[in-house]
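Working notes, structure below.
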Amino acid sequence: MKRLFWLLPLLGFAALLALMAGNLGKPTEAVIVSHMIGKPVPDFAFEGTAGAQGLSRVDLAAGGPPVLVNVFASWCLPCAVEAPQLQALADNGAIVHGIAVRDTAANVAGFLGKHGNPFTRIGMDVQGRMMLALGASGVPETYVIDGKGIIRFQHLGEIRADHVPILLAELEKAK
Amino acid sequence: MKALVMALLLLLPAPGLAADPVYIADVPLEDPVAEARAKALMAELRCLTCQNQAILDSNAPQAQTMRVEVRERISAGEDPEEVRAWFVERYGDWVSFVPPARTDTALLWAAPFLFLLLGGVLLARRIRR
Chain E
7 MKRLFWLLPL LGFAALLALM AGNLGKPTEA VIVSHMIGKP VPDFAFEGTA GAQGLSRVDL
67 AAGGPPVLVN VFASWCLPCA VEAPQLQALA DNGAIVHGIA VRDTAANVAG FLGKHGNPFT
127 RIGMDVQGRM MLALGASGVP ETYVIDGKGI IRFQHLGEIR ADHVPILLAE LEKAK
Chain D
998 MKALVMALLL LLPAPGLAAD PVYIADVPLE DPVAEARAKA LMAELRCLTC QNQAILDSNA
1058 PQAQTMRVEV RERISAGEDP EEVRAWFVER YGDWVSFVPP ARTDTALLWA APFLFLLLGG
1118 VLLARRIRR
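Heads up: the protein sequence lines correspond to chains E and D, in order.
For the numbering used here, count along the first sequence from 1 and bump the result up by 6.
For the numbering used here, count along the second sequence from 1 and bump the result up by 997.
Set out below in structure tokens:
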């Protein structure tokens, strides 16, 4: 019995090794949810592009209906993938604003010409600072912002067809 | 004819130039003390797109944006811990490589000392025998 007792640390070490070996090669892509949900949108004001008016905090907090704010970029492939879904949301009566991150006017115009333009307003965030302000960890991300400018919901990654009703429901909830 | 071809060629878009995303410059702060403080913090903040890399040595555009944010806040006189708190407010404890010292992390911080104590007790019993 006593001899077995001294085997315990060795067994513990073996268990640790097994745990580590089992986790080798497993991707550890944590999903970083924004901690800004429930908080007001930080102050910002961006110039417009592609014929659309710019976007600022004042526009979002003006007391209108809840809106979707889509963080996108012309250099982002999933943004092109989600373009039909954004259009579907706009067709269902959602107001969709865009924030173009680290982009140029020419590239945004080209992107919208190719994939359609569902946006009411577009803000040019040349430095990509708005992503930090919103707590965004990548592009694209879509936020539901209520009439008082409070962030109510965050959708990470591209919007797929089954996400459209979820986002419409979140817009309804934010009213 | 040659002139016409040249003119038409000029009308073609230059793909390499047009497709490049816009990057902001990574300019060190003028004050070396502030720059050192900023860099020390950058080594402890996690890059969001290239996870498990610090923003100090990441090439990701968002890491660069985070470096600009850190430098601006440090040069505006903010304490590095205040800047860290600003990032934690947005992304949670996850964004910082240094675990916070709170009651729910007390075991984590105390563990090395507990193991040292355990080892000491075992050793003492061995010697006394």
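We treat Cβ as the ideally placed atom computed from N, Cα and C, and that holds for glycine.
Residue range of the unbroken alpha helix (DSSP H) whose run includes Leu-92 of chain E:
83 to 97
Neighbour flag for Val-1030 of chain D against chain E, beta carbons, 8 Å:
no
Quickly, what does DSSP pair Gln-1050 of chain D with across the bridge? List them, please.
Looking at the DSSP assignment, Gln-1050 of chain D forms no beta bridge with any residue, so it has no partner.
Since I believe Ala-1035 of chain D is in contact with Val-1067 of chain D (beta carbons under 8 Å), could you give me their beta-carbon distance rounded to a whole number of angstroms?
5 Å
So with Cβ pairs under 8 Å, would you call Met-137 of chain E a contact of chain D?
yes
Would you decide whether Met-26 of chain E is buried or exposed? Buried here means 16 or more other CB atoms lie within 10 Å of its CB.
Per the 10 Å Cβ criterion, exposed.
Give the C-beta separation of Pro-1058 of chain D and Arg-108 of chain E to the nearest angstrom, bearing in mind that I take them to be a contact with Cβ-Cβ under 8 Å.
6 Å
Say whether chain E places a C-beta atom closer than 8 Å to the C-beta of Leu-1113 of chain D.
no
C-alpha distance - Leu-22 of chain E paired with Trp-12 of chain E, whole-angstrom precision:
17 Å
Report the rounded CA-to-CA distance for Val-114 of chain E versus Met-130 of chain E, giving the unit in angstroms.
C-alpha separation (whole angstroms): 9 Å.
To the nearest angstrom, how far is the alpha carbon of Ala-142 of chain E from that of Asp-168 of chain E?
22 Å
Residues of the stretch 141 to 166 of chain E with Cβ closer than 7 Å to any Cβ of chain D, in chain order
Gly-141, Ser-143 and Gly-144
Residue burial classification, Phe-1094 of chain D (beta-carbon count within 10 angstroms, cutoff 16):
exposed
Quick one: list the residues of chain E neighbouring Gly-1089 of chain D, beta-carbon separation under 8 Å, in chain order.
Ile-38, Val-39 and His-41
To the nearest angstrom, report how far apart Leu-1045 of chain D and Asp-1054 of chain D are at their CA atoms.
13 Å
Taking all protein chains shown into account, decide if Gly-1116 of chain D is buried (16 or more other Cβ within 10 angstroms of its Cβ) or exposed.
Taking all protein chains in view, the Cβ of Gly-1116 of chain D is surrounded by fewer than 16 other Cβ atoms within 10 Å, so the residue is classified as exposed.
Identify, in the order they occur along the chain, each residue of the same chain with its Cβ nearer than 8 Å to the Cβ of Pro-1096 of chain D, setting aside the five sequence neighbours on each side.
Asp-1090, Thr-1102, Leu-1105 and Trp-1106
Taking the alpha carbon of Ala-86 of chain E as the reference point, which residue from E:Val-150, E:Val-145, E:Gln-133 and E:Asp-49 has its own alpha carbon closest?
E:Val-145
Report the residue from E:Ala-112, E:Pro-71, E:Phe-19 and E:Gln-59 whose alpha carbon sits nearest the alpha carbon of Glu-176 of chain E.
E:Pro-71
Taking 8 Å as the threshold, find out whether the stretch 82 to 101 of chain E comes into contact with the stretch 145 to 160 of chain E through three or more Cβ pairs.
The count of Cβ pairs closer than 8 Å, one atom from the stretch 82 to 101 of chain E and one from the stretch 145 to 160 of chain E, reaches three, so the stretches are in contact.
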